[in-house]
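Numbering (our numbering), first residue to last: -11 to 271.
Glycine is no exception: its CB is placed at the ideal position from the N, C-alpha and C atoms.
None of these values were measured; they are calculated from a predicted model.
Following: one structure in C-alpha cells, then a few remarks.
Laid out in C-alpha cells, this is it:
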C-alpha cells in the first residue's frame, strides 16, 4: 500500500481537508521526508501555468498523484446532476479538463460533492438519470485516456445521496457503468456499520482510500481502530494509495507527521508478523 497526503494547488476554504498548499520546494521535500509517495490534488484550473508546472515538480520529488479532486467546482455551484442542461454540460467540460490533467500523471478523478444534490421526492429519480448521463459523457473522455473515475460516498451532513459505501456499491452494480470507488473512513464512520466488512464487500471496485480517523485527523488522533482497518486492507491485498485527506490540525505538518508515524508503526508490525519461519539446520 502506498501512502499519500492531500495537497491543494490553490488557497482553500475554511475546513478544507488538505494538509498542504502549493508546490514549493520545502513543501514537497517535507512530504517525501515523511515517507509519502504521492498526493491527492485539489485543483482549480488545470490550464493555469503554475498548475501545469506542478506536475513537473511532483515528478522531480518522486511523488505520484492518486486522485484529482474537483471539489472547488461544487463550491462554485457546478453539478453533474443539474437540471439545467447547459450547466450540466459545463460541469462535464470542466471535469473533462481535470481528466486530461490526471492522465498526464497516471491519476484518477474523484466524483464527490460535484455530483450535486438530489433533492427530495419524485425528483430524485430524474436526478439520478441526469447524473448517469453525465457519467456516460465523462467516461467517453476517461476511458480512452485510462483515467479511472472514482465515486466517493459522502456522509448525510454534506450530501443527500450515495452516503454509505453500500449505497455507492449498489449504484455502480445496478448502473453497469465502469466506475470505481474511493472510500473515506471519515464518511464511513458516520454512515457504515462495519467498516472492515464494507472494505471486504467493496474490494472489487475500490481504487483509492482516504484513510483518516473519526475526527478527520491522522490515524491515531481519533477513536477509530485504524490499526485493525489497516490489517483488513493488507489481508485484502489492497495495493492503492492510503491518502491522508485530513484537516491541517494542529498544523498540516504535524498531522502529516502523525500519519507517517502511524503508517511506520503498521509497516514495522507487518514485517514482524510476516517473518518466515526457517527450521534449524535447513540453511
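> Between the segment 168 to 184 and the segment 150 to 158, do at least 3 Cβ pairs fall closer than 8 angstroms?
Replying inline: Verdict: yes, contact present.
>> Closest to residue 233 by C-alpha separation, out of 223, 205, 219, would be which residue?
In response: Measuring from the Cα of residue 233, the nearest candidate turns out to be 205.
>> How far does the beta strand (DSSP E) with residue 84 in it extend, from its first residue to its last?
In response: If you look at residue 84, you'll find it isn't in any beta strand (DSSP E); it sits in the alpha helix (DSSP H) that goes 73 to 91.
> Terminal residues of the continuous alpha helix (DSSP H) containing residue 22?
Replying inline: For residue 22, no alpha helix (DSSP H) segment is defined, and its DSSP state is neither H nor E.
>> Taking only three categories from DSSP, how would you classify residue 181?
In response: Residue state, collapsed to three classes: coil.
> What is the rounded straight-line gap between the Cα of residue 51 and the Cα of residue 29?
Replying inline: Distance between the alpha carbons of residue 51 and residue 29 is about 11 angstroms.
>> Within the continuous alpha helix (DSSP H) that includes residue 202, where are the two ends?
In response: In the DSSP assignment, residue 202 falls outside any alpha helix (DSSP H), carrying neither H nor E.
> Are three or more beta carbon pairs between the segment 16 to 28 and the segment 73 to 88 nearer than 8 angstroms?
Replying inline: These segments do not touch.
>> Buried or exposed for residue 240, going by 16 or more other Cβ atoms inside 10 Å?
In response: Residue 240 comes out buried.
> Per DSSP, residue 194 is paired with what?
Replying inline: Beta-bridge partners assigned by DSSP to residue 194: 169.
> Roughly how many angstroms separate the alpha carbons of residue 89 and residue 246, rounded to a whole number?
Replying inline: One C-alpha to the other measures close to 30 angstroms.
>> Can you find the residues in the same chain that come closer than 8 angstroms, C-beta to C-beta, to residue 86, ignoring five residues on each side of it along the sequence?
In response: Excluding residues up to 5 positions away in sequence, 31, 34, 56, 58, 97 lie with their Cβ nearer than 8 angstroms to the Cβ of residue 86 in the same chain.
>> With the cut-off set at 8 angstroms, would you say residue 69 and residue 42 are in Cβ contact?
In response: Not closer than 8 angstroms, so no.
> Count the other CB atoms within 10 Å of the CB of residue 67; is the residue buried (16 or more) or exposed (fewer)?
Replying inline: Buried, since its Cβ has 16 or more Cβ neighbours within 10 Å.
>> Using only CA atoms, which one of 115, 4, 121 lies nearest to residue 60?
In response: Ranked by how close their Cα comes to the Cα of residue 60, the residues 115, 4, 121 have 4 in first place.
>> Buried or exposed, going by whether 16 or more other CB atoms sit within 10 Å of the CB of residue 145?
In response: Exposed.
> Which of helix, strand or coil does DSSP assign to residue 3?
Replying inline: Annotated three-state conformation of residue 3 is coil, per DSSP.
>> Helix, strand or coil for residue 253? Go by DSSP, reduced to three states.
In response: Note: residue 253 maps to helix in three-state DSSP.
> Is it the case that the Cβ atoms of residue 62 and residue 119 are separated by a distance below 8 angstroms?
Replying inline: Not closer than 8 angstroms, so no.
> Under the DSSP definition of a beta bridge, which residues are partnered with residue 218?
Replying inline: Beta bridge pairing from DSSP links residue 218 with no other residue.
> Tell me, which residues are paired with residue 229 by DSSP?
Replying inline: According to DSSP, residue 229 bridges with -10.
>> I'd like to check one pair, residue 16 with residue 46: are the Cβ atoms closer than 8 angstroms?
In response: Taking 8 angstroms as the Cβ cut-off, residue 46 and residue 16 qualify as a contacting pair.
> Counting along the chain, where does the alpha helix (DSSP H) carrying residue 234 start and finish?
Replying inline: First-last for residue 234: undefined, no H or E at that position.
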